[in-house]
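Novice: The following block contains the structure, expressed as structure tokens.
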Amino acid sequence: MRYDYSGRLDTEHETLERETEMEAFLRDVEKRAYRIAVVSVRDADESLDIVQESMISLVNSYSDRPSVEWRPLFYRILKNRIRDWQRRQAVRRRFTSFFGSGEADERDPIQEAPGPAYDNPAARLETNNAMDALAEALRSLPRRQREAFTLRNFEGMDVIETARAMGCSDGSVKTHYSRAIGKLREILGEHWQ
Amino acid sequence: MSGKETRSQGLERRAKALFDAEVDNLDGHTRSRLAQARHAALAQARRRSFVPWRLGPRALLPAGAAAIVALAVTMLWRDPVPMTVGPDLAALQDLEILLGEEELEMLEDLEFFAWLDEQPEFSPPPAADDVG
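Quick mapping for you: the protein sequence lines, in order, are chains B and W.
Taking my numbering, the leading residue of the first sequence gets 1166, the next gets one more, and so forth.
Taking my numbering, the leading residue of the second sequence gets 45, the next gets one more, and so forth.
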């Protein structure tokens, strides 16, 4: 009986530990994931929804996986959510343009997205402008190049993790990333190099 | 290291620094909403995982013991040892009848039945002796 009781406690303890570990992981990635989503989606609310859906999906489906796998899995989910959102938006745009509604074009999601809380307005402006330029340049890249750059550079993933998150080979990651860098240099100009 | 590589590294460093600054300076409102999103995700998982059999067979032991005790009590209650009906048991049976579900409902509707009794169309027909 004692064995059973202590065994149950161990299981509960493990579950609690797992949940604490998952919470720490989510806290660690949530802000970066949100910024990555904003770069692609350009809408604060939509980005928050995408991040939350990705969190739920990870927790529901992959909590039992080793914690070292969570990061590539989470970013793979996030990437898929962003892609799904972009597809839906593309369909919506086609639909609204067919019926002649310009309402969607009147909003400026970048203006609506909350900016960084700097004390120095000049620094904020400079950073905002630079980030806007970078985000705009990133959006002009092919999807796979953008994903490779985002995961490798912004999220600091190594080639293997990025390959897992993107669902491709290490070699493909290197190729996409290298091409992304080349394209960004072209777009952003000399002052960025 | 070539000049081209250095320029690329400069771009990578600047992009990373910009992104990190954006993350570090995220406004309080967005941070709060992200924390809410995180809690919501974990709460949903908690609700989903609260299934005793997922904890293993040992977790079912207390529930199984409780079920056996409940079954034993029910069997003893429904099949009592035969005994003579004394005044105490009769009183208990009266109480059971009094507290039966239908009787309780009738007690709740007591006002309605009193009102019904006062209505002429529902009054009992007069006895033949009363007809004058």
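No residue lacks a Cβ here, since even glycine has one placed at the ideal position from N, Cα and C.
1. Less than 9 Å between CB atoms is the rule here; does T1292 (chain B) satisfy it with respect to chain W?
2. Counting only C-beta atoms, is T118 (chain W) closer than 9 Å to chain B at any point?
3. DSSP state of G1354 (chain B), grouped into three classes?
4. Check S1205 (chain B) in the structure and name its three-state DSSP category.
5. Using a Cβ cut-off of 9 Å (strictly closer), state whether V1371 (chain B) contacts chain W.
6. Using the beta-carbon of each residue, which ones in chain W are nearer than 8 Å to T1349 (chain B)?
7. Determine the DSSP secondary structure at L70 (chain W), reduced to helix, strand or coil.
8. So the candidates are B:V1194, B:A1202 and B:R1248; which of them puts its Cα closest to the Cα of A1300 (chain B)?
9. Could you give the residue range of the alpha helix (DSSP H) that holds R1311 (chain B)?
10. Are the beta-carbon atoms of S1427 (chain B) and A1198 (chain B) separated by less than 9 Å?
11. Please report the Cβ distance between V1224 (chain B) and L86 (chain W), rounded to the nearest whole angstrom; I am assuming they are in contact, meaning their Cβ atoms lie under 8 Å.
12. Could you name the residues of chain W that R1192 (chain B) contacts, counting a contact when the two beta carbons are closer than 7 Å?
13. Assuming R1304 (chain B) contacts Y1342 (chain B) under a Cβ cut-off of 8 Å, what Cβ separation, rounded to an integer in Å, is found between them?
14. Do G1347 (chain B) and S52 (chain W) count as a contact pair if the criterion is CB distance below 9 Å?
15. Could you tell me whether the region 1246-1253 of chain B touches the region 1326-1339 of chain B, using the rule of 3 or more Cβ pairs below 8 Å?
16. Are S1222 (chain B) and R1246 (chain B) close, meaning C-beta to C-beta below 9 Å?
17. If we count the other Cβ atoms within 10 Å of its Cβ and call it buried at 16 or more, is L1349 (chain B) buried or exposed?
18. What would DSSP say about G54 (chain W), mapped onto helix, strand or coil?
19. Going by the beta-carbon positions, is the gap between E1312 (chain B) and A1330 (chain B) smaller than 9 Å?
20. Which of the three DSSP states, helix, strand or coil, is assigned to M1296 (chain B)?
21. Indicate whether at least one CB of chain B lies closer than 9 Å to the CB of A89 (chain W).
22. Compare the beta carbon distance of V1216 (chain B) and L1243 (chain B) with 9 Å and say whether it is the shorter of the two.
23. What residues in its chain sit with their C-beta under 7 Å from that of F1319 (chain B), if we drop five residues either side in the sequence?
Specialist: According to the structure data:
1. Counting from 1 along the first sequence, the entry for residue 1292 (chain B) is found at position 127. Judged by the 9 Å Cβ criterion, T1292 (chain B) is in contact with chain W.
2. Start at 1 with the first residue of the second sequence, and residue 118 (chain W) comes out as number 74. Taking Cβ atoms only, chain B never reaches closer than 9 Å to T118 (chain W), which makes this a no.
3. As a position in the first sequence, residue 1354 (chain B) is number 189, starting the count at 1. G1354 (chain B) falls in the coil class under three-state DSSP.
4. By 1-based counting over the first sequence, the position of residue 1205 (chain B) is 40. Residue state, collapsed to three classes: helix.
5. No information on residue 1371 (chain B) is available, as it lies outside the stretch 1166 to 1358 that chain B covers here.
6. Locating residue 1349 (chain B) in the first sequence gives position 184, counting from the first residue. It should be noted that the sequence gives Leu, not Thr, for residue 1349 (chain B). What L1349 (chain B) touches in chain W: L55 and A59.
7. Counted from its first residue, the second sequence places residue 70 (chain W) at position 26. Here L70 (chain W) sits in coil by DSSP.
8. Translated into positions along the first sequence, residue 1300 (chain B) becomes position 135. When only C-alpha atoms are compared, the closest one is B:A1202.
9. For the purposes of this step, residue 1311 (chain B) is identified with residue 146 of the first sequence, where counting begins at 1. Start and end: R1308 to F1314.
10. Outside the shown range of chain B, which is 1166 to 1358, sits residue 1427 (chain B), and nothing can be said about it.
11. On the first sequence, residue 1224 (chain B) is found 59 positions in, with the first residue counted as 1. On the second sequence, residue 86 (chain W) is found 42 positions in, with the first residue counted as 1. Rounded, the Cβ-Cβ distance is 6 Å, consistent with contact.
12. Position 27 of the first sequence holds residue 1192 (chain B). R82, listed in chain order.
13. Counting from 1 along the first sequence, the entry for residue 1304 (chain B) is found at position 139. Counting from 1 along the first sequence, the entry for residue 1342 (chain B) is found at position 177. With 8 Å as the limit, R1304 (chain B) and Y1342 (chain B) do not qualify as a contact, their Cβ atoms being about 17 Å apart.
14. Mapped onto the second sequence, residue 52 (chain W) falls at position 8. Mapped onto the first sequence, residue 1347 (chain B) falls at position 182. The answer is yes: Cβ separation under 9 Å.
15. no
16. Counted from its first residue, the first sequence places residue 1222 (chain B) at position 57. Counted from its first residue, the first sequence places residue 1246 (chain B) at position 81. Contact flag set, yes.
17. For this step, residue 1349 (chain B) is matched to residue 184 along the first sequence. By the neighbour-count rule (16 or more Cβ atoms within 10 Å), L1349 (chain B) is buried.
18. What you label residue 54 (chain W) is simply residue 10 of the second sequence in a count that begins at 1. Three-state result, G54 (chain W): helix.
19. Taking the first residue of the first sequence as position 1, residue 1312 (chain B) is located at position 147. Taking the first residue of the first sequence as position 1, residue 1330 (chain B) is located at position 165. Cβ distance < 9 Å, so E1312 (chain B) and A1330 (chain B) count as in contact.
20. As a first step, residue 1296 (chain B) must be located in the first sequence, where it is residue number 131. Helix, per DSSP.
21. Here residue 89 (chain W) refers to the residue found at position 45 of the second sequence. For A89 (chain W), the answer is yes, since a Cβ of chain B falls inside 9 Å of its Cβ.
22. For the purposes of this step, residue 1216 (chain B) is identified with residue 51 of the first sequence, where counting begins at 1. For the purposes of this step, residue 1243 (chain B) is identified with residue 78 of the first sequence, where counting begins at 1. In this structure, L1243 (chain B) lies closer than 9 Å to V1216 (chain B) by Cβ.
23. To locate residue 1319 (chain B), count along the first sequence from 1; it is residue 154. Cβ within range, chain order: R1197 and I1201.
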